[in-house]
Amino acid sequence: MKVDIRNKKISVIGAARSGIAAALLAARHGANVLLSDSGKPSLSEETLEKLNSASVTLEFNRHSEKVYDCDFIVTSPGIPVDSEVLSKAFSKGLKVYSELEFASWFAKGKIIAITGTNGKTTTTALTHYILDKAGFKSFVGGNIGEPFSNFADKTDDNSISVLEVSSYQLDLIDSFKPDVGVILNITPDHLERYQNNFSLYIQSKFRIVKNLGEGDLFIYNRDDENISKNLVRGKFLSQSFSVIDSNFATAFYYDNKIYIRVGDNLNFPDAQLEKNLFVIDTRDMLLKGVHNYYNAMAAILASKFIGCELDKIRDGLSTFSGVEHRLEVVRLLDGVLFINDSKATNVRSTYYALKSYDTPIILILGGREKGNDYSEIRELVEERVKVILAFGESKEKIKNYFETITRVIVCDSLEEVVQKSKELALPGDVVLFSPACKSFDMFTDFEHRGRRFKELVNQL
Numbered sequence: 000m001k002v003d004i005r006n007k008k009i010s011v012i013g014a015a016r017s018g019i020a021a022a023l024l025a026a027r028h029g030a031n032v033l034l035s036d037s038g039k040p041s042l043s044e045e046t047l048e049k050l051n052s053a054s055v056t057l058e059f060n061r062h063s064e065k066v067y068d069c070d071f072i073v074t075s076p077g078i079p080v081d082s083e084v085l086s087k088a089f090s091k092g093l094k095v096y097s098e099l100e101f102a103s104w105f106a107k108g109k110i111i112a113i114t115g116t117n118g119k120t121t122t123t124a125l126t127h128y129i130l131d132k133a134g135f136k137s138f139v140g141g142n143i144g145e146p147f148s149n150f151a152d153k154t155d156d157n158s159i160s161v162l163e164v165s166s167y168q169l170d171l172i173d174s175f176k177p178d179v180g181v182i183l184n185i186t187p188d189h190l191e192r193y194q195n196n197f198s199l200y201i202q203s204k205f206r207i208v209k210n211l212g213e214g215d216l217f218i219y220n221r222d223d224e225n226i227s228k229n230l231v232r233g234k235f236l237s238q239s240f241s242v243i244d245s246n247f248a249t250a251f252y253y254d255n256k257i258y259i260r261v262g263d264n265l266n267f268p269d270a271q272l273e274k275n276l277f278v279i280d281t282r283d284m285l286l287k288g289v290h291n292y293y294n295a296m297a298a299i300l301a302s303k304f305i306g307c308e309l310d311k312i313r314d315g316l317s318t319f320s321g322v323e324h325r326l327e328v329v330r331l332l333d334g335v336l337f338i339n340d341s342k343a344t345n346v347r348s349t350y351y352a353l354k355s356y357d358t359p360i361i362l363i364l365g366g367r368e369k370g371n372d373y374s375e376i377r378e379l380v381e382e383r384v385k386v387i388l389a390f391g392e393s394k395e396k397i398k399n400y401f402e403t404i405t406r407v408i409v410c411d412s413l414e415e416v417v418q419k420s421k422e423l424a425l426p427g428d429v430v431l432f433s434p435a436c437k438s439f440d441m442f443t444d445f446e447h448r449g450r451r452f453k454e455l456v457n458q459l
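Taking numbering that gives the first Met the number 0, the leading residue of the sequence shown gets 0, the next gets one more, and so forth.
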């Protein structure tokens, strides 16, 4: 859907990556743009030059009344819907759109949108990798890497935009309609943005199907109760993936293999029926762990629907090595494997990380959290973790919860954590940096935290 915004007055809220990209996109299409941020963002000279060249008006350290003198507002995902600036906009009757919604107005070709509490980045990157390797004109972005606004107007009818989509971005969509919408899983997270109401968070995730219509596809995790209990009907097609239910899932995992239905709805296992099932041996994949097989099945179904041949999908799966900060191998030092899982900002992500290793683990936990329930990993910690190194704002809570089942050492800095892990680890151990918490107490984001961890490990 192409929208004519020439000479429109548009206010963009938030001068981080998404806001800057939206402001530049609006300016490229002839709008008069105000970019407003309540803080003082540290923008590079190159970025400032781009904004000035595009005649974007900048307003920092406040949101003045100029913000509301506009035709509509575009907001960054980091701005809460109930923030003062947006609440005032709503009270004035102004339309407020997410950057995702705004960018979609200028996109051509097909869109694959992927959401979920965990696994979004890996699944998005994998889907793009499969399509790109198979020769499709594939773009990747959204909540991963490039904001959609950076490339939406560079797409054409043959393009495929593979987007990682957060609940924040979905909250303020209006006409955004992917050709393929994916929900990987839903567990409690970001509840501070949803009045601590899990139901509101679930509703936000399901907005991904809001505008799906005939000929579109909804892909979902059949094993996730929070998804299954809230399924909605529509004119769109539905396909599911599972590691439990092989009877009704379109893709399922069984005994080291992923099966994709290519014929009628078939019962399994039955060796005689494998001619109607496309089989991928997970032992040929670089990605390991059941959580990654879930991600892979979602990527397979999305790629297949777009038109990618199954043999080419298998080729892509065999060479994809994962994404930075998600179970990323940093170094093998004196027989000790150091793993960077900084993207684990909630307990469920750390659960999956712990399930991935059956050797003794030194687990690094900590950061900023709101109401984490560590009982989800209690049994795994008891079975597999020889010591926990706790740091950040949540270190005392972590110590109090886990000290009765394993050794817990409280550290004052990430530098101390890494040094202590080196002292404690024995050959064959895994040092797993999977914090289960947000990074904002000590770092700008999980990427900053992960990069710092890798720097420290490589200095050992």
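For glycine and all other residues, C-beta sits at the position ideal for the given N, C-alpha and C.
- For Val181, the closest C-alpha among the options Leu300, Ser17, Gly214, Gly77 is that of Leu300.
- Leu57 sits away from Ser148, with the two beta carbons spaced by 9 angstroms or more.
- Excluding sequence positions up to five before and after Ala14, its CB lies within less than 6 angstroms of the CB of Leu34, Asp36, Pro40, all in the same chain and listed in chain order.
- According to the DSSP assignment, Phe135 belongs to no alpha helix (DSSP H), since it is labelled neither H nor E.
- If you look at Arg406, you'll find it in the beta strand (DSSP E) that goes 406–409.
- Residue environment for Phe247: exposed (fewer than 16 other C-beta atoms within 10 angstroms of its C-beta).
- Runs of the alpha helix (DSSP H) lying entirely within the stretch 218–297, each at least 4 residues long, are 224–227 in chain order.
- With respect to the 9 angstroms criterion, Leu431 and Ile360 are classified as neighbours on the basis of their beta carbons.
- Rounded to the nearest whole angstrom, the C-alpha separation of Lys132 and Cys307 is 10 angstroms.
- In the structure shown, Ala88 falls within a helical segment according to DSSP collapsed to helix, strand and coil.
- In the three-state reduction of the DSSP assignment, Asp428 falls in the coil class.
- CA-to-CA, the gap between Glu381 and Lys1 works out to about 55 angstroms.
- Tyr167 carries a helical assignment under DSSP once its states are collapsed to helix, strand and coil.
- Out of Ala124, Thr358, Leu364, the CA that lies nearest to the CA of Ile113 is found in Ala124.
- Only residues of its own chain outside the window of five on either side were considered, and among them Pro359 have a CB closer than 6 angstroms to the CB of Lys385, listed in chain order.
- Setting aside the 5 residues that flank it on each side, Tyr356 is surrounded in the same chain by Val429, each with a C-beta closer than 6 angstroms to its C-beta; the list follows chain order.
- Listed as beta-bridge partners of Gly13 by DSSP are no residues whatsoever.
- Taking the Cα positions, Cys410 is about 14 angstroms away from Asn399.
- When the five nearest sequence neighbours on each side are left out, the beta carbons in the same chain lying within less than 8 angstroms of the beta carbon of Leu190 are those of Asn196, Phe197, Tyr200, Lys369, Gly370, in order along the chain.
- Judged by beta-carbon spacing, Val179 lies beyond the 9 angstroms limit of Phe240, meaning their Cβ atoms are not closer than that value.
- Assignment of beta-bridge partners to Glu58 by DSSP yields Ser35.
- In this structure, the beta-carbon distance from Thr126 to Ala250 does not fall below 9 angstroms.
- Its chain contains Ser438 as the residues whose beta carbon lies nearer than 8 angstroms to that of His447, once the 5 sequence neighbours on both sides are disregarded; these appear in chain order.
- Relative to the Cα of Ser82, the nearest Cα in the group Gly92, His62, Asp68 belongs to His62.
- About 5 angstroms separates the beta carbons of Glu100 and Phe175, which is inside the 8 angstroms limit, making them a contact pair.
- Asp70 is not a Cβ neighbour of Lys109, given a cutoff of 9 angstroms.
- Here DSSP, grouped into helix, strand and coil, assigns Ala435 to coil.
- CA-to-CA, the gap between Leu42 and Arg450 works out to about 20 angstroms.
- Between the alpha carbons of Glu378 and Ser17 lies a distance of about 40 angstroms.
- In its chain, beyond the 5 residues on either side, Ile159 have a beta carbon closer than 6 angstroms to the beta carbon of Phe135.
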